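In this note's numbering, the protein residues as written are 1 to 81.
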């Protein structure tokens with residue numbers, strides 16, 4: 001059974017680095033002139049998944065999204081330097 005755990009969200013989710021395990025199809029390319037990057041979570045149709053589980057839930061059983069997959073989450077992995 002998956003349980004949604006409360007996740008502390010950053011003050012400005014669009015500028016917070018997302019977990020390196022978070023993916024979406026648009027992470028691999030985007031159309032020229034797109035207003036927002038995929039990791040800002042602005043799309044209403046994007047589907048996100050975790051590379052650790054290959055599902056829409058992360059290693060902590062919480063749903064994945066750029067606004068929740070950030071520092072403070074127990075399974076968060078920072079981007080490589």
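No residue lacks a Cβ here, since even glycine has one placed at the ideal position from N, Cα and C.
Quick caveat, the model's predicted, so the values are computed rather than measured.
Whether residue i touches residue j by CB criterion (9 angstroms)
{"i": "residue 57", "j": "residue 47", "result": "no"}
{"i": "residue 74", "j": "residue 60", "result": "yes"}
{"i": "residue 71", "j": "residue 78", "result": "yes"}
Nearest neighbour of residue i, chosen from the options [CA to CA]
{"i": "residue 53", "options": "72, 23 and 18", "result": "23"}
{"i": "residue 51", "options": "17, 21 and 16", "result": "21"}
{"i": "residue 25", "options": "18, 16 and 49", "result": "49"}
Limits of the unbroken beta strand (DSSP E) element including residue i
{"i": "residue 23", "result": "22 to 24"}
{"i": "residue 50", "result": "48 to 50"}
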